[in-house]
Every structure is written in structure tokens, then in C-alpha cells.
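Enquirer:
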Amino acid sequence: MTQFKQLSFWSDAEPLECVTRTPEAPNVVTFSFQSPSGALFNHDPGQFVTLELPAPGGPLYRTYTISSAPSRPTALTITVKAQDGSTGTRWMLDNLHKGMRIRASGPAGKFSIVHHPADKYLFISAGSGITPMVAMTTWLYDSGREPDIVFINCARRPSEIILRDRIELMASRIVGIDLKWVVEEPDPFRPWTGYRGIFNQIMLGLIAQDYLEREVFCCGAEPFMRAVREALAGLGFDMDRYHQESFTAEPAHAEDVPEDVVPDEQNQAEIAFALSGITAKCKETDSILAAAKAVGLVIPSGCAMGICGTCKVRKTEGQVHMVHNGGITDEDVEDGYILACCSKPLGRVSVEA
Ligand SMILES: Cc1cc2nc3c(=O)[nH]c(=O)nc-3n(C[C@H](O)[C@H](O)[C@H](O)COP(=O)(O)OP(=O)(O)OC[C@H]3O[C@@H](n4cnc5c(N)ncnc54)[C@H](O)[C@@H]3O)c2cc1C
Ligand code: FES
Numbered sequence: 187m188t189q190f191k192q193l194s195f196w197s198d199a200e201p202l203e204c205v206t207r208t209p210e211a212p213n214v215v216t217f218s219f220q221s222p223s224g225a226l227f228n229h230d231p232g233q234f235v236t237l238e239l240p241a242p243g244g245p246l247y248r249t250y251t252i253s254s255a256p257s258r259p260t261a262l263t264i265t266v267k268a269q270d271g272s273t274g275t276r277w278m279l280d281n282l283h284k285g286m287r288i289r290a291s292g293p294a295g296k297f298s299i300v301h302h303p304a305d306k307y308l309f310i311s312a313g314s315g316i317t318p319m320v321a322m323t324t325w326l327y328d329s330g331r332e333p334d335i336v337f338i339n340c341a342r343r344p345s346e347i348i349l350r351d352r353i354e355l356m357a358s359r360i361v362g363i364d365l366k367w368v369v370e371e372p373d374p375f376r377p378w379t380g381y382r383g384i385f386n387q388i389m390l391g392l393i394a395q396d397y398l399e400r401e402v403f404c405c406g407a408e409p410f411m412r413a414v415r416e417a418l419a420g421l422g423f424d425m426d427r428y429h430q431e432s433f434t435a436e437p438a439h440a441e442d443v444p445e446d447v448v449p450d451e452q453n454q455a456e457i458a459f460a461l462s463g464i465t466a467k468c469k470e471t472d473s474i475l476a477a478a479k480a481v482g483l484v485i486p487s488g489c490a491m492g493i494c495g496t497c498k499v500r501k502t503e504g505q506v507h508m509v510h511n512g513g514i515t516d517e518d519v520e521d522g523y524i525l526a527c528c529s530k531p532l533g534r535v536s537v538e539a
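Numbering (my numbering), first residue to last: 187 to 539.
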């Protein structure tokens, strides 16, 4: 059995060892990891890790929210759902078993209640977007104080609700977790007494009458999050108190780019990959990641939308147009780093890759 070393915390220089796998719902599994050295896990509830999956044909990088809370530091869990056509997550479901070690980077991410402390929360999610909400709820539950959380999760059917048992157990043992499930349709021959339909403004008003007083955290597919944003904004909610995590959306901060110069499809660009000695010619509208791939160079990447930070490389020459989603810090940018997945070359650029 692993001996845990108090006050020694895991860093991503060490691999993660899979210790258990738990089926949650169709095509959904929770993997639990420990550090081989016995180091403990310390992260903000809601943060994610990016795993390097040793799939055939080269590693795949995939980003997953840590579904466990730092108040339970002896293991780190992720809960993954393989959609139709999945390669990375499907590989995990088929191949990742107890005893295997895999590399990971992180933890990273800013989607956490630690950055937005409040007396009352509204956690609203759809599908696998429930994972950061479970981590944050567990953390509040473990604090020993009574939380005030309205927890809404939307799923296609009751049998597809992810981590339902875990959240219902917490809600049944403490006052202050007001749990509401919304499904599109019931399972055949299984009576359903919860909400039914597509989440809308009327449901919000019925479920959380004091929503105006709550700090809102939202996670799910972009159309779902758009519907929640529109519902809240339409009801006069202060959107500074709305926070969201996107698993798949396009970069959200294009309008924040400080440069006047924007990539032009008509303009040619040239990227020198200094470490590999390869130069790629491309359009200014191609990302550095795509240009690298086109010349057979692999820059590890996890999300392809500027969130996870996996594709960070150092730029030593030239200018790029970078539109990210929080995957890089201001300090890193000052030190010359860029995210290859969401940086487009303006003219000639040189990067350390
Ligand atoms: C912050 C964050 C947290 C997330 N948390 C969770 C979670 O808790 N649970 C969960 O199930 N999912 C989570 N996801 C989504 C997850 O990262 C995957 O996108 C999703 O599981 C689909 O990956 P796949 O391998 O199943 O599907 P695939 O279809 O194989 O891949 C999906 C995405 O990966 C890109 N991609 C495909 N091949 C490669 C490659 N070789 N290199 C790089 N990118 C590639 C594709 O462009 C596509 O966007 C999270 C994503 C983000 C950004
Ligand atoms: S791949 Fe995630 S930030 Fe670029």
C-alpha cells in the first residue's frame, strides 16, 4: 500500500498511477490515480490536468477536469465520457487499467470558487460539465460548514446523469445542497419525477428563486452555456458574477486582442522551428500548431483552444496574433511564451520547437 508523505505534494514531473476505475454511466468511467512516491494532491477545486495517452501512432493529449477535491488529497480522479467517434477518451476506456502509469501536466485552470468566494452558489451544468461542479461541491461539503448551493445538472436521460450517486450522497447528509436534475426524456419503463425538457428561464426561476443573489458557475456544451447566459442576462443578472468553463468552444476573447494587426489569409508567413531545424511556409491564418503538424512536427496539445496550456512554446523572433482562453499567464507572455494552438504568425516567426 502507498505510504503517504505528509506535506509532499505531487508535481507533474512524476507520472500518475491508475489505482481504480469505476463505471459511472454508459461510456463514462471515473479513473482514480495516486502518485507512485506517495505525494499528496493539491489543486483548486475545478482545475484540470492534461494527460499524455500512449495510444498507438503517438501520444494523444487530452484535458480533463479533476473530479476529486483537494480536501481528499490522497487520490486524484477524473471522470471521462467517450462520445461517438472518440479516440483519446475511448483509448482510456479500452486500455487504461489499474497499475498503469501515465504522464500528466497541470493542474491548471481558473474555473474555481476559490477565485470567486460567495455565500450562495448556483452550479449549473450539462453532461460531463458536471465534473468541476462535483469537485467544488465536494470541497465545500468537506469544509464541515453548511454550504448554500443550488446544483442543477441537465442530461439526456436519468441513466446518463454522471456522478449522480456521489452528489446525492452529499446532498442527503447535509443541509444546503439543493439538487435538481433536468432530463430531456425519461428512461423507458422508469418513472421520472424530476424536471423534464430543455433548461430555460422558467425552470431557472422555479428552481432558484434567489438566483440574482448567487455566484453562477456554468459548464457544458456551448449551445447549453449560451442558453444559460441568455436566460440570466435577460433576467437582469449581473454577468460579472457568471463564470463558465468550456470543454469544446472556440476561443472566447478575440475582441480582447490588443494588436491592430490581424492575420490576413492572403499573406504568407514563415515559421522557423528552431530546435528541429525545420521551416514551414503557411498562411497568416494558420495556427503555429497546424503549421507544425503540416511539416510532420508534433507539438503536444490538449484542447486546441487556448485553455489547457499544453502547447506552450517559446517564441524567439517575430510577432504572433494570439487569442487564448486563459491557458497562459501574463508572466509567461512577458517571458516570450505563446500557445501554439491559438497563435497565428504575422510574417516570419521563430519558435523553440
Ligand atoms: C478544461 C477542459 C476540461 C475538460 N474536462 C472533461 C471532463 O471532465 N470529462 C470529459 O469527458 N471531457 C472533458 N473535457 C473534454 C476532453 O478534453 C476531450 O475534448 C473530450 O473528451 C473529447 O476527446 P476524445 O478523445 O474523446 O474525442 P476526439 O474526437 O478523439 O477528440 C476531441 C478533440 O480533440 C482534438 N484532437 C483530436 N485528435 C487530436 C490530437 N492528436 N491532438 C490534439 N488534439 C486532438 C479534436 O480536434 C477534438 O477537438 C475537457 C476539456 C477541457 C478543455
Ligand atoms: S492545446 Fe490547450 S492551450 Fe493549446
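Just so it is clear, CB atoms sit at the ideal spot from N, CA and C, and this is done for glycine as well.
With DSSP as the reference, identify every bridge partner of Gln-430, one or two as the case may be.
Expert: Bridge partners of Gln-430: Cys-404.
Enquirer: Residues in the same chain with beta-carbon distance under 8 Å from Glu-203, minus the five sequence neighbours each way, listed in chain order, please.
Expert: Hits under 8 Å: Phe-219, Gln-220, Ser-221, Pro-222, Gly-285, Met-286 and Arg-287.
Enquirer: Please output, in chain order, the residues near ligand 2 using a CB cut-off of less than 6 Å to any non-hydrogen atom of the ligand.
Expert: Cβ-based neighbours of ligand 2 within the cut-off: Ser-487, Gly-488, Cys-489, Ala-490, Gly-492, Ile-493, Cys-494, Gly-495, Thr-496, Cys-497, Gly-513, Leu-525 and Cys-527.
Enquirer: Based on the DSSP output, what are the partners of Gln-288 in its beta bridges?
Expert: The question names Gln, but residue 288 in the sequence shown is Ile. Per DSSP, Leu-202.
Enquirer: I'd like to check one pair, Pro-318 with Phe-337: are the Cβ atoms closer than 8 Å?
Expert: For Phe-337 and Pro-318, no; Cβs fall outside 8 Å.
Enquirer: For the alpha helix (DSSP H) that Gly-391 lies in, which residues bound it at each end?
Expert: Segment 387-393, the alpha helix (DSSP H) holding Gly-391.
Enquirer: With C-beta atoms as the reference, is Thr-265 less than 8 Å away from Val-214?
Expert: Result yes, Cβ atoms of Thr-265 and Val-214 sit closer than 8 Å.
Enquirer: Considering only their Cβ atoms, is the gap separating Glu-332 from Gly-362 smaller than 8 Å?
Expert: Result yes, Cβ atoms of Gly-362 and Glu-332 sit closer than 8 Å.
Enquirer: Kindly examine ligand 1 and report whether one of its heavy atoms sits closer than 7 Å to the Cβ of Leu-202.
Expert: Result no, Cβ not under 7 Å from ligand 1.
Enquirer: Within 10 Å of its beta-carbon, does Pro-256 have 16 or more other beta-carbons around it, so buried, or fewer, so exposed?
Expert: Classification for Pro-256: buried.
Enquirer: Quick one: residues in its chain with C-beta nearer than 8 Å to the C-beta of Leu-349, no 5 flanking neighbours on either side, listed in chain order?
Expert: Excluding residues within five positions, the ones whose Cβ falls inside 8 Å are Glu-210, Thr-216, Ser-253, Thr-265, Ile-316, Thr-317 and Val-320.
Enquirer: What residue from Val-368, Arg-534, Phe-195 and Leu-392 has the CA that sits closest to Ser-345's CA?
Expert: It is Val-368 whose Cα lies nearest to the Cα of Ser-345.
Enquirer: Would His-439 be called buried (16 or more neighbouring beta carbons within 10 Å of its own) or exposed?
Expert: Note that His-439 scores 48 on pLDDT, short of 50, meaning its location in the model is unreliable; the coordinates nonetheless yield the value given after this. By the neighbour-count rule (16 or more Cβ atoms within 10 Å), His-439 is not buried but exposed.
Enquirer: Out of Gly-224, Ser-462 and Ala-413, point me to the one whose CA is closest to Pro-201's CA.
Expert: It is Gly-224.
Enquirer: For Phe-410, does the three-state DSSP call read helix, strand or coil?
Expert: Phe-410 falls in the helix class under three-state DSSP.
Enquirer: By how many angstroms is the C-alpha of Pro-377 removed from the C-alpha of Glu-441?
Expert: Model confidence at Glu-441 stands at a pLDDT of 40, short of 50, so the residue's coordinates are unreliable; what they give is reported in the following sentence. Approximately 47 Å between the Cα atoms of the pair.
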